[in-house]
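Contents: one structure, followed by commentary.
Protein chains in written order, with my numbering: chain S, 6 to 317; chain Y, 214 to 566.
Printed below as a string of structure tokens:
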């Protein structure tokens, strides 16, 4: 794997000629000697169309940069797409499910994947990856895209972070992880939570939100941690009124809005969780929470509480 | 490297599961105890899934334990190996809950956590896959509750034959192509092979070289061509990614994406988000197209060209929404209703005819 960085991503691509006359700023209010407009000719930051337009042009550029896929001396050459999918008798879990293959060598074809202005070139060996990177970078320059060569990362099986994750392909396996800094920070946050638990079992809301935010980011790399954030979610949402002691949402509770003049006797007899439309028909100033399972019992509770009630 | 396939089913009175191991087929069945007989069906289904996996690791069925031990030895020796397990269930909540990794139901969440712990403890990669109940019946796991051990795989039928994850819709029933051509009369429908996903699916129809000798792809600008993507369910996510790249690069192209409703957690959300028009063809509605033996519905999604003005896409336009409603009500009112005229109307809404 190797990294290629595109310099000044948006400015590499020209605006459409039909848009140019309408895209600019009037400098007259700021400089009295100027009476003309300054026009943009290239995609710029904060233009609504810039992300879509630039990525589109970049993808078209990548297509040309990869070169003719069926020319044998092209490092991105492939003549076969291998489907190694579950259910087939020959399924091999150590191989990718879908891959472009060069049948002459049996290895995966060279390729380049892009994330906005960061490109990662892939090859089956150091030399192959170098070839893919060289071709990609030279064609980018040919097409007028800036190659920020100072940010180039040489081919390696232990390449650095890309799109927030570190991927290593050495020792015969693929390993995806976060950077050591982020891992240490995540461990630090968990230690803080543990301290709070052992001390007085109370948390500051803002701090817990910050921890959740960071751990959610880590989960992008480690999806199996998703379930383990549930406790933080529940703790943060426990203040809401339809939650129980542990923060779990109370089942079969529905918010019904009723007319201010609505008396218990006027309640529709069929009010229940399964027919919310009945309740939605009567809009309202009083918020009543009804237990869906027993409309008759709710009537009496509404009578006793009179106005805004909270029934569990 | 070990891959296991298993079916798990639960109902009012009891539970059952079957496993395909490298050596043999194992099955497990029994009644629920008093503690679970009144629990919700979603809970029982997921509980059975957990138990089926768990029991494989414990004493009841030593196959998986042996596999895990073998893998542990291999991991120690080779520093890298894993076990992959495909569990099929006819409960969509179980699939959804496992895939999301969370649930608002306390008991379901506890079961999900148990599955996750199993994954981490045994270096297991688990896939929970929803299938139709009728497939479960045909496969034989459903019949186990009645003590019937002479159905489906237990009768000797091929286990993998009930796991069509590797076959696309067109591969399973080629008659679909003719059906699609019926409602795309003024278009030329091109079915794409996996190799075409990376080339033809992107609109590249030939090669040319500029004066510098640089390869420039020849692109299809024809508005009467439709690319038909028919990937296997397990490869649908990759095919869809290529389709999205293609649509971003060349928004004038028209695509139809058909895929059986299996392994849907990997692609359905994205597919329904990006497609302009989608509908489900239930099995048996058109016996020559998607017969009852297909078990799961066929998801058909249509990607129309972008508009040259806001809102840039036809999706969500009143006419298209009305068409969706008409299609649904047609099949609701009359099972044999002819959908072809309605689908033909789609092209006039998109101003392509």
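All C-beta atoms in this analysis are idealised placements derived from N, C-alpha and C, irrespective of residue type, glycine included.
Span separating the alpha-carbon of residue 326 of chain Y from that of residue 231 of chain S: The count along the second chain starts at 1 and reaches residue 326 of chain Y at position 113. The count along the first chain starts at 1 and reaches residue 231 of chain S at position 226. Cα atoms of residue 326 of chain Y and residue 231 of chain S: separation of roughly 10 Å, rounded to the nearest angstrom.
At the 9 Å Cβ level, is residue 400 of chain Y part of the contact set with chain S, yes or no? Taking the second chain and counting its residues from 1, the one referred to as residue 400 of chain Y is at position 187. By this cut-off, residue 400 of chain Y is not an interface position.
What does a CB cutoff of less than 6 Å around residue 148 of chain S pick up in its chain, not counting 5 residues either side in sequence? Walking along the first chain from the start, residue 148 of chain S turns up at place 143. Closer than 6 Å at Cβ, skipping near neighbours: 66.
DSSP beta-bridge partners for residue 152 of chain S? Here residue 152 of chain S is taken as the residue at index 147 of the first chain, counted from 1. According to DSSP, residue 152 of chain S bridges with S/11.
DSSP puts residue 172 of chain S in a beta bridge; with which residues? As a position in the first chain, residue 172 of chain S is number 167, starting the count at 1. DSSP, once it has assigned bridges, lists S/181 as partnering residue 172 of chain S.
Using C-beta distances below 6 Å, list every residue in its chain close to residue 339 of chain Y, excluding the 5 sequence neighbours before and after it, in chain order. Position 126 of the second chain, counted from the start, is the residue given in the question as residue 339 of chain Y. Closer than 6 Å at Cβ, skipping near neighbours: 298 and 332.
Taking residue 180 of chain S as the reference, which of S/61, S/30, S/74 and S/226 has the closest Cα? Along the first chain, one-based indexing puts residue 180 of chain S at 175. Nearest option by C-alpha distance: S/226.
For the structure I just gave you, are there three or more beta carbon pairs, one from the region 441 to 455 of chain Y and one from the region 465 to 482 of chain Y, closer than 8 Å? yes
How would you label residue 283 of chain Y, buried or exposed, when you count the other beta carbons within 10 angstroms and need 16 or more for buried? For the purposes of this step, residue 283 of chain Y is taken as the residue at position 70 of the second chain. The predicted position of residue 283 of chain Y is uncertain, since its pLDDT is 48 and thus under 50; no value can be drawn from it.
DSSP three-state call for residue 232 of chain Y: helix, strand or coil? In the second chain, the residue the question calls residue 232 of chain Y occupies position 19. DSSP places residue 232 of chain Y in strand when its eight states are reduced to three.
Are at least three pairs of beta-carbons, each pair with one atom in the region 513 to 530 of chain Y and one in the region 458 to 470 of chain Y, less than 8 Å apart? yes
Please confirm if residue 72 of chain S has its CB atom under 9 Å from at least one CB of chain Y. Reading the first chain from its first residue, position 67 is the one you call residue 72 of chain S. Residue 72 of chain S counts as touching chain Y.
Taking CB distances under 9 Å as the criterion, tell me whether residue 448 of chain Y reaches chain S. To locate residue 448 of chain Y, count along the second chain from 1; it is residue 235. Yes, because at least one Cβ of chain S sits closer than 9 Å to the Cβ of residue 448 of chain Y.
Using beta-carbon positions only, say whether residue 160 of chain S and residue 135 of chain S come within less than 9 Å of one another. In the first chain, counting from the first residue as 1, residue 160 of chain S sits at position 155. In the first chain, counting from the first residue as 1, residue 135 of chain S sits at position 130. Result yes, Cβ atoms of residue 160 of chain S and residue 135 of chain S sit closer than 9 Å.
Which same chain residues end up closer than 7 Å to residue 397 of chain Y when comparing Cβ atoms and leaving out the 5 residues on each side of it in sequence? As a working mapping, residue 397 of chain Y is identified with position 184 in the second chain. Closer than 7 Å at Cβ, skipping near neighbours: 439.
Between residue 528 of chain Y and the rest of its own chain, which residues show a CB-CB distance below 7 Å, the 5 nearest in sequence each way excluded? Working through the second chain from its first residue, we reach residue 528 of chain Y at position 315. Around residue 528 of chain Y: 489.
Return yes when the Cβ of residue 169 of chain S is within less than 9 Å of the Cβ of residue 233 of chain S, no when it is not. Against the first chain, residue 233 of chain S aligns to sequence position 228. Against the first chain, residue 169 of chain S aligns to sequence position 164. Cβ distance not < 9 Å, so residue 233 of chain S and residue 169 of chain S don't count as in contact.
Could you tell me the boundaries of the beta strand (DSSP E) in which residue 85 of chain S lies? Taking the first chain and counting its residues from 1, one reaches residue 85 of chain S at position 80. From DSSP, the beta strand (DSSP E) with residue 85 of chain S extends over 85 to 88.
Excluding the 5 residues flanking residue 157 of chain S on each side, which residues of the same chain have their C-beta closer than 6 Å to its C-beta? Locating residue 157 of chain S in the first chain gives position 152, where the first residue counts as 1. Excluding positions up to five away in sequence, the list is empty.
For residue 483 of chain Y, would you say it is in contact with chain S, using Cβ-to-Cβ distances shorter than 9 Å as the test? Residue mapping note: residue 483 of chain Y aligns to position 270 of the second chain, counting from 1. Residue 483 of chain Y does not count as touching chain S.
Using the beta-carbon count (16 or more within 10 Å), is residue 334 of chain Y buried or exposed? One-based indexing of the second chain puts residue 334 of chain Y at position 121. In the assembly as shown, residue 334 of chain Y is an exposed residue. Its beta-carbon has fewer than 16 other beta-carbons within 10 Å.
When you compare the CB positions of residue 77 of chain S and residue 115 of chain S, do they come within less than 9 Å of one another, or not? Working through the first chain from its first residue, we reach residue 77 of chain S at position 72. Working through the first chain from its first residue, we reach residue 115 of chain S at position 110. In this structure, residue 115 of chain S does not lie closer than 9 Å to residue 77 of chain S by Cβ.
What are the residues of the region 88 to 102 of chain S that lie near chain Y, defined by any Cβ-Cβ distance shorter than 8 Å? 88, 90, 91, 92, 93, 94, 96, 97, 98, 99 and 102
If you follow the beta strand (DSSP E) that residue 516 of chain Y is in, where does it begin and where does it stop? Numbered from its first residue, the second chain carries residue 516 of chain Y at position 303. Taken as a continuous stretch (DSSP letters only), the beta strand (DSSP E) holding residue 516 of chain Y covers 511 to 516.
Taking C-beta pairs closer than 7 Å, name the residues in chain Y that residue 232 of chain S reaches, listed in chain order. By 1-based counting over the first chain, the position of residue 232 of chain S is 227. By Cβ distance, chain Y contributes 314, 315, 325, 326 and 329.
Using a Cβ-Cβ cut-off of 9 Å, state whether residue 278 of chain S counts as contacting chain Y. The residue labelled residue 278 of chain S in the question sits at position 273 within the first chain. Since pLDDT at residue 278 of chain S reaches only 38, below the 50 mark, its modelled position is unreliable, and no value is offered.
So what does DSSP say about residue 556 of chain Y, is it helix, strand or coil? Here residue 556 of chain Y refers to the residue found at position 343 when the second chain is read from its first residue. In this structure, DSSP gives residue 556 of chain Y a helical state, which the three-state scheme calls helix.
What does a CB cutoff of less than 6 Å around residue 433 of chain Y pick up in its chain, not counting 5 residues either side in sequence? On the second chain, residue 433 of chain Y is found 220 positions in, with the first residue counted as 1. Here the set comprises 416 and 418.
Residue 336 of chain Y versus residue 151 of chain S - alpha carbon distance: If you number the second chain from 1, residue 336 of chain Y lands on position 123. If you number the first chain from 1, residue 151 of chain S lands on position 146. Computed Cα separation, rounded: 44 Å.
Residues of chain S with CB under 9 Å from residue 408 of chain Y, in chain order? On the second chain, residue 408 of chain Y is found 195 positions in, with the first residue counted as 1. The contacting residues are 83, 84, 85, 86 and 105.
Are the C-beta atoms of residue 220 of chain S and some chain Y residue less than 9 Å apart? To locate residue 220 of chain S, count along the first chain from 1; it is residue 215. For residue 220 of chain S, the answer is no, since every Cβ of chain Y falls outside 9 Å of its Cβ.
Name the residue from Y/304, Y/380 and Y/524 whose alpha carbon lies nearest to the alpha carbon of residue 92 of chain S. On the first chain, residue 92 of chain S is found 87 positions in, with the first residue counted as 1. Minimum Cα distance to residue 92 of chain S is reached at Y/380.
When DSSP builds the beta bridges, which residues end up paired with residue 430 of chain Y? Your numbering for residue 430 of chain Y matches position 217 in the second chain. According to DSSP, which records beta bridges pairwise, residue 430 of chain Y is partnered with Y/420.
Members of the region 132 to 154 of chain S that neighbour chain Y once the beta carbon cut-off is set at 8 Å: 144 and 147
How would you label residue 280 of chain S, buried or exposed, when you count the other beta carbons within 10 angstroms and need 16 or more for buried? For the purposes of this step, residue 280 of chain S is taken as the residue at position 275 of the first chain. Confidence at residue 280 of chain S is low in this model, with a pLDDT of 34, below 50, so the placement of that residue is unreliable and no value is reported for it.
Going by beta-carbon coordinates alone, are residue 484 of chain Y and residue 512 of chain Y separated by less than 9 Å? Your numbering for residue 484 of chain Y matches position 271 in the second chain. Your numbering for residue 512 of chain Y matches position 299 in the second chain. Yes; because the gap between Cβ atoms is below 9 Å, this pair is in contact.
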